[in-house]
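Here the protein sequences come in this chain order: F and L. Each residue of the first sequence is one higher than the one before, starting from 1 at the first, in the numbering used here. Each residue of the second sequence is one higher than the one before, starting from 444 at the first, in the numbering used here. In this text, a Cβ means the ideal position worked out from N, Cα and C, and glycines have one as well. Bear in mind that the values here come from a model prediction, so they are computed numbers and not experimental data.
2 protein chains.
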Amino acid sequence: MSPTTAIQTLLSSRYIVPVEPLDTVLTEHAIAIDNGRIIDILPRARAVEKYAPNTHLEYDQHILMPGLINAHTHAAMALMRGVASDLSLMDWLQNHIWPLEKQHVDEQFVQDGSELAIAEMLRGGTTCFNDMYFFPEVTARVATAIGMRAVIGMIMLEFPTRYAASAEEYLSKGLAMFDAYKSDPLITNVFAPHAPYTVSDNSLRKISQLANELDLPVHMHVHETAGEIDDSLRQYGMRPLARLEQHGLVNPNLCGVHMTQLTAEEIGLISAAGVNVIHCPESNLKLASGLCPVQALQTAKVRVLIGTDSCASNDDLDMFSEIRTAALLAKGVSQDATALSAQSAIRAATIDAAHALGLGSEIGSLEVGKSADIIAIECNSIESQPHFDLYSHLTYSTDRSRVCDVFVAGRQLLKDRTLTTTSEDDIIIKAKHWSDKIASSSS
Amino acid sequence: MSPTTAIQTLLSSRYIVPVEPLDTVLTEHAIAIDNGRIIDILPRARAVEKYAPNTHLEYDQHILMPGLINAHTHAAMALMRGVASDLSLMDWLQNHIWPLEKQHVDEQFVQDGSELAIAEMLRGGTTCFNDMYFFPEVTARVATAIGMRAVIGMIMLEFPTRYAASAEEYLSKGLAMFDAYKSDPLITNVFAPHAPYTVSDNSLRKISQLANELDLPVHMHVHETAGEIDDSLRQYGMRPLARLEQHGLVNPNLCGVHMTQLTAEEIGLISAAGVNVIHCPESNLKLASGLCPVQALQTAKVRVLIGTDSCASNDDLDMFSEIRTAALLAKGVSQDATALSAQSAIRAATIDAAHALGLGSEIGSLEVGKSADIIAIECNSIESQPHFDLYSHLTYSTDRSRVCDVFVAGRQLLKDRTLTTTSEDDIIIKAKHWSDKIASSSS
Numbered sequence: 001m002s003p004t005t006a007i008q009t010l011l012s013s014r015y016i017v018p019v020e021p022l023d024t025v026l027t028e029h030a031i032a033i034d035n036g037r038i039i040d041i042l043p044r045a046r047a048v049e050k051y052a053p054n055t056h057l058e059y060d061q062h063i064l065m066p067g068l069i070n071a072h073t074h075a076a077m078a079l080m081r082g083v084a085s086d087l088s089l090m091d092w093l094q095n096h097i098w099p100l101e102k103q104h105v106d107e108q109f110v111q112d113g114s115e116l117a118i119a120e121m122l123r124g125g126t127t128c129f130n131d132m133y134f135f136p137e138v139t140a141r142v143a144t145a146i147g148m149r150a151v152i153g154m155i156m157l158e159f160p161t162r163y164a165a166s167a168e169e170y171l172s173k174g175l176a177m178f179d180a181y182k183s184d185p186l187i188t189n190v191f192a193p194h195a196p197y198t199v200s201d202n203s204l205r206k207i208s209q210l211a212n213e214l215d216l217p218v219h220m221h222v223h224e225t226a227g228e229i230d231d232s233l234r235q236y237g238m239r240p241l242a243r244l245e246q247h248g249l250v251n252p253n254l255c256g257v258h259m260t261q262l263t264a265e266e267i268g269l270i271s272a273a274g275v276n277v278i279h280c281p282e283s284n285l286k287l288a289s290g291l292c293p294v295q296a297l298q299t300a301k302v303r304v305l306i307g308t309d310s311c312a313s314n315d316d317l318d319m320f321s322e323i324r325t326a327a328l329l330a331k332g333v334s335q336d337a338t339a340l341s342a343q344s345a346i347r348a349a350t351i352d353a354a355h356a357l358g359l360g361s362e363i364g365s366l367e368v369g370k371s372a373d374i375i376a377i378e379c380n381s382i383e384s385q386p387h388f389d390l391y392s393h394l395t396y397s398t399d400r401s402r403v404c405d406v407f408v409a410g411r412q413l414l415k416d417r418t419l420t421t422t423s424e425d426d427i428i429i430k431a432k433h434w435s436d437k438i439a440s441s442s443s
Numbered sequence: 444m445s446p447t448t449a450i451q452t453l454l455s456s457r458y459i460v461p462v463e464p465l466d467t468v469l470t471e472h473a474i475a476i477d478n479g480r481i482i483d484i485l486p487r488a489r490a491v492e493k494y495a496p497n498t499h500l501e502y503d504q505h506i507l508m509p510g511l512i513n514a515h516t517h518a519a520m521a522l523m524r525g526v527a528s529d530l531s532l533m534d535w536l537q538n539h540i541w542p543l544e545k546q547h548v549d550e551q552f553v554q555d556g557s558e559l560a561i562a563e564m565l566r567g568g569t570t571c572f573n574d575m576y577f578f579p580e581v582t583a584r585v586a587t588a589i590g591m592r593a594v595i596g597m598i599m600l601e602f603p604t605r606y607a608a609s610a611e612e613y614l615s616k617g618l619a620m621f622d623a624y625k626s627d628p629l630i631t632n633v634f635a636p637h638a639p640y641t642v643s644d645n646s647l648r649k650i651s652q653l654a655n656e657l658d659l660p661v662h663m664h665v666h667e668t669a670g671e672i673d674d675s676l677r678q679y680g681m682r683p684l685a686r687l688e689q690h691g692l693v694n695p696n697l698c699g700v701h702m703t704q705l706t707a708e709e710i711g712l713i714s715a716a717g718v719n720v721i722h723c724p725e726s727n728l729k730l731a732s733g734l735c736p737v738q739a740l741q742t743a744k745v746r747v748l749i750g751t752d753s754c755a756s757n758d759d760l761d762m763f764s765e766i767r768t769a770a771l772l773a774k775g776v777s778q779d780a781t782a783l784s785a786q787s788a789i790r791a792a793t794i795d796a797a798h799a800l801g802l803g804s805e806i807g808s809l810e811v812g813k814s815a816d817i818i819a820i821e822c823n824s825i826e827s828q829p830h831f832d833l834y835s836h837l838t839y840s841t842d843r844s845r846v847c848d849v850f851v852a853g854r855q856l857l858k859d860r861t862l863t864t865t866s867e868d869d870i871i872i873k874a875k876h877w878s879d880k881i882a883s884s885s886s
């Protein structure tokens, strides 16, 4: 009997780590994809009997898993990779990052920087990123052109930049983008007020109202450093989280980034309120911002996501490294080697992130009906031998360089480690141009 | 005028980071190599006028730097990569690692495991490793066969294994190896008493005498966990470091691994005594052993080295990742973003390690007269753009997958990411054999 059902793509694989259901690893299975969606997951032998795919890719020494979700980026800052290291946070910001941004960040910078960042992320197995930066509609346009999925923040802060002159202008530009991308299959928008210390009470109230009305996530830096807490106590007589609560922002839509400074009461508060925490371990370490209590958060059933932060404080967009660092650091901080297990860390970077960002029915796991956002990881190299538990292998032993193929909504964006929808050479040339420009201005 | 001086190899490069002198980066320079040694470092244009090399390799988009020194390994345990994760130290050791070792570790295991480990290390830019494991002469033989440099520990502990039945037998086998490799150009030997809690007072005294007589480094786990301190207080009425001091081991020959538990007095003691600390940040995190006070140690002028520990607690032999984790973690632990700067971290993994291991005149920097242990790192990929300060780039943005060529004593062991002196396919086949064996025994 010859196969009867015509489909777009069949991916057969030695291993599949679907993330859902829990604790599941499939061996010698296949994923059937049509119209960009997963329509079936079944044993490899049965798949070739049942389906007649346009394309059949066979991954004989590979793991297929859902694409990673980088839950906190300032993508365009890829052009500032490593521009200022080993500096304290305020020295880094005030004497290096802010002056460089003031001088260089325009539409062209954001376009070229977003391209570089998206290229790096795709090559490392990230298929969706949650971004906060200036000229967000440019980043959305670049992501769409390349075919990458993105959650693009409607950024807002009180000080003027080339992008917007006032809080009102940030918001109106953000909402215009929101309207433009409403029915886009790859782009969703969330509110992205920068931080409690850069956004006024008035603006927080406005965003709170709008986020409730539209039921949209709010992506915001919260409790990054002890200094932020002290400043807030001085200026507002309360801790930043209390201020956000006052304005109705402490609810399941809040995705608070960093959260290194949390009292036991605050952990109780965000647990009860359903707030999500976006953990950026490498950035927190590099800037000596503080240590996020991941183990305590997970014990309190707070959903934890993982993000790289920008290339200026990390200095890469490598989610495999970030997952590993998160899993390792959680153990060191809690003095408990069972903290943030391999499976929990992988879930934080996939299904948990999808739920928090309002994409839980679309991505984050390999399940029938979801978008085919899938990565293939080679596991036959010297560095991959031996492997026992695959969650452990993915968390503690997998470099991003082992990612060979990447699909977003069924479209192959990386093939044998080469991007298919954009030119790596062009991106590198543009990055070198900016590198020269930035180096000459910062010296 | 045609070049007159015939030499073995000339390596021309866009960038050279020689590590010594401090703060130096050379652009468009070349390294002349003859008889396995660096005989000249000079501008690229002058080099081609002066030298007629048998082989001239041109690295137009690369960084040349000294090979990395992995200061703490149990190489053969590469075959136990990720066999037991997310477990507390004693559960991990007593219920997983020790039973597996008892069942599997023989000469063949050490041979196949050492091959796998050396292959992984070379592919990641490590040209020398400081090893402590059973059947050390097997690891020495494998390293020699492949052409890798190694510091092989004369391991000693009080309990019997298939390798040795008693402390005396460990020592006599170790000293036999020391005699056999005395004039080997790639292998040196050091004493490797396992830890204060596995070695008796009597054995510590013996090793102390011998190490002083022979002026050899002593490679030993010291103050890895708080539990180790408590046990020592109960059993000996003093902390392990005090016990080592009592037996004359607290001196510049001591390379104490981990050292996560140190009082201010102890930091003063090891500083005054010239003790070296081998920092294994990823292992310490994964096993929740504790946090090494790297910033305080460096402030006290204690020399800090960096090691991966074994693949059973890391789970890789990736020195670029370990350098990055060390630099990041030092900042988080000290709450000071200037702690363990990029340059300090690279020095810890090169010249500082060389000095502590008695190889300061041979390796650890690219200087005339030293052995040509050199790695070439490609810096033209998406992930490498842009780069400003090269120390920062090497520490925070360089994956080991960017290492393309590796030389030890002038001999090319990695060429375009392929090993030249051993078969990667054979190593993978053997690793899979062991993987099946271990998986069936541990289930």
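- His387/F has a beta carbon lying within less than 9 angstroms of a beta carbon in chain L.
- The beta carbon of Lys415/F sits no closer than 9 angstroms to any beta carbon of chain L.
- Taking C-beta atoms as the reference points, Gln335/F and Ala562/L fail to come closer than 9 angstroms.
- For the region 304 to 381 of chain F, the continuous beta strand (DSSP E) assignments of 3+ residues that do not extend past its boundaries occur at 304 to 306 and 374 to 378, in sequence order.
- Shown in chain order are the members of the region 564 to 575 of chain L whose Cβ falls below 7 angstroms from a Cβ of chain F: Arg566.
- Pro636/L is the residue among Leu530/L, Leu511/L, His836/L and Pro636/L whose C-alpha sits nearest the C-alpha of Val700/L.
- In summary, the residues of the region 835 to 869 of chain L whose CB is separated from some CB of chain F by less than 8 angstroms are Ser835, His836, Thr838, Tyr839, Ser840, Asp842, Arg843, Ser844 and Glu867, in the order they occur in the chain.
- For Phe388/F, the three-state secondary structure derived from DSSP is coil.
- Residue burial annotation: Ser756/L is buried, with at least 16 other C-beta atoms found within 10 angstroms of its C-beta.
- Listed along the chain, the chain F residues whose CB falls inside 7 angstroms of the CB of Lys493/L amount to none; the nearest CB is some 31 angstroms away.
- Residue state for Met90/F is assigned as helix, using DSSP reduced to three classes.
- Sequence-distant partners of Ile16/F (beyond 5 residues in either direction) whose C-beta falls short of 6 angstroms from its own C-beta, in its chain, are Leu26, His29 and Leu64.
- Unbroken alpha helix (DSSP H) stretches of 4 residues or longer found wholly inside the region 181 to 207 of chain F: none.
- For the C-beta of Leu329/F, the chain L residues within less than 7 angstroms are, from N- to C-terminus, Leu728.
- Taking 9 angstroms as the upper bound on Cβ-Cβ separation, chain F lies near residues Ala527, Ser528, Asp529, Leu530, Ser531, Leu532, Asp534 and Trp535 of the region 527 to 538 of chain L.
- In this structure, Ile512/L is the residue among Ile512/L, Leu500/L and Gly479/L with its C-alpha nearest to the C-alpha of Ile721/L.
- Cβ proximity to chain F below 8 angstroms picks out nothing from the region 613 to 640 of chain L.
- DSSP places Val218/F in the uninterrupted beta strand (DSSP E) bounded by Val218 to Val222.
- Close to Asn757/L, with beta-carbon spacing below 8 angstroms, are these residues of chain F in chain order: Tyr396.
- Interface criterion not met: the Cβ of Leu262/F is under 9 angstroms from no Cβ in chain L.
- Rounded to the nearest whole angstrom, the CA to CA distance from Pro603/L to Glu550/L is 15 angstroms.
- With fewer than three CB-CB distances shorter than 8 angstroms, the region 530 to 538 of chain L does not count as touching the region 822 to 838 of chain L.
- Less than 9 angstroms divides the Cβ of Leu305/F from the Cβ of Ala71/F.
- Proximity of Leu116/F to chain L, defined by a Cβ-Cβ separation below 9 angstroms, is satisfied.
- Sequence-distant Cβ neighbours of Glu463/L in its own chain, meaning closer than 7 angstroms and more than five residues away, are Ile794, Ser808 and Glu810.
- Under the 8 angstroms Cβ criterion, the region 871 to 878 of chain L does not count as touching the region 842 to 856 of chain L, having fewer than three qualifying pairs.
- Contact between Tyr197/F and Ser166/F is ruled out by a C-beta separation of about 18 angstroms, above the 8 angstroms threshold.
- When the five nearest sequence neighbours on each side are left out, the beta carbons in the same chain lying within less than 8 angstroms of the beta carbon of Gly125/F are those of Gly67, Leu68, Met319, Phe320, Ile375, Ile377, Arg400, Val403 and Val406, in order along the chain.
- Secondary structure note for Tyr236/F: its alpha helix (DSSP H) is the uninterrupted segment Ala226 to Tyr236.
- Within the DSSP bridge table, the entry for Tyr458/L names Thr470/L and Ile506/L as partners.
- A residue is called buried when at least 16 other Cβ atoms come within 10 angstroms of its Cβ; Glu137/F meets this threshold and is buried.
- Between Leu122/F and Leu413/F, the beta carbon gap of about 5 angstroms places them in contact (Cβ cut-off 8 angstroms).
- Closer than 9 angstroms to the CB of Ser440/F there is not a single CB belonging to chain L.
- Of all alpha-carbon atoms in Ser381/F, Leu357/F, Arg324/F and Gly358/F, the one lying nearest the alpha-carbon of Gln343/F is that of Arg324/F.
- Contact between Leu186/F and Thr144/F holds, since their C-beta atoms are separated by about 6 angstroms, short of 8 angstroms.
- Annotation: Lys301/F has no Cβ neighbours in chain L at a cutoff of 8 angstroms; minimum Cβ distance is about 19 angstroms.
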